[in-house]
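At position 97 of the sequence shown (counting the first as 1) the number is 89 in my numbering, and the numbers step up by one without a gap.
Here the structure is laid out as structure tokens; the discussion comes afterwards.
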Amino acid sequence: MDSFFEPLYKIANNDLNTLKLFLFKPNIYTFGRCVISAVVSQITLHQPERRDEVISWYKEVINYFLENINDENIIDSDIIAFIICDIADFYGRELKNEIINLYKADVVSQTICGSKNDLVKDLLLPADDFHKRKIMDIHERYNYFQRTIARNNNREDETDDDYLEEDEPYADYELINETPFVLVKSPPKIGRNDPCPCGSGKKYKKCCLNKE
């Protein structure tokens, strides 16, 4: 979805309503809609003077979901969870009551955004720019794609021997099927709230965790 981020950000600068109407469309692929909310949340981080406008936008979106709570073609607990995460990214405490109502309606995928209590605590944290994404120009985005492709190609070329180095401590390995001496290196542990290792700038729980 990164390939659509900058174009959608340009649209959001001038026409938030169009993006809102797209979110309301039924039966749209979850990750096709979640990028809309991710873009809108970035407006508050890049243009803090528009915070009230964005807060109103999210209120309309949440109220739309609450008004159509029984329509399975509209309600998607994953997209609702992603929206809540995006609100938390800019510490949208003004939307606390609306978010609590979504949890009460049981339409939030908590495996994505966590429990109600944890989310409310996140909203009340001191605001910072940790989740502020760089808005790339076309040349920067092209170079980013080139680096990503090269990195993925390098991973495909790796062999099992790349993971077995004699100077590594055995604590970093695990047994396969309980057979002694058949070892592979354990992958590093990534927390749900850590930055995603793919370099998207999103939290792991909002990015590659949901693609595994």
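We put the CB at the ideal spot given by N, CA and C, even for glycine.
Under DSSP, residue 126 forms no beta bridge with any residue. Under the 10 Å beta carbon count, residue 52 is surrounded by fewer than 16 other beta carbons and is classified as exposed. By the 16-neighbour rule on beta-carbons within 10 angstroms, residue 63 is exposed. CA-CA distance, residue 43 to residue 132, rounds to 27 Å. The alpha-carbon separation between residue 21 and residue 13 amounts to approximately 15 Å.
If you draw a 10 Å sphere on the C-beta of residue 36, you find 16 or more other C-beta atoms in it, and that means buried.
Under DSSP, residue 195 takes part in a beta bridge, and its partners are 187. Between residue 85 and residue 115 the beta-carbon gap is near 4 Å, inside 8 Å, which marks them as a contact.
Within a 10 Å sphere around the beta-carbon of residue 76 sit 16 or more other beta-carbons, which makes this residue buried. With contacts defined by Cβ atoms closer than 7 Å, residue 71 and residue 125 do not form a contacting pair. Short of 7 Å from the beta carbon of residue 128, and not among the five residues preceding or following it, lie these beta carbons of its own chain, in chain order: -2, 136. At the C-beta level, residue 78 and residue 30 come within 7 Å of one another. Only residues of its own chain outside the window of five on either side were considered, and among them 78, 81, 82 have a CB closer than 6 Å to the CB of residue 33, listed in chain order.
Pairing residue -4 with residue 89, the inter-Cα distance amounts to about 31 Å. A check of alpha carbon separations from residue 97 across 54, 122, 139 identifies 54 as the nearest.
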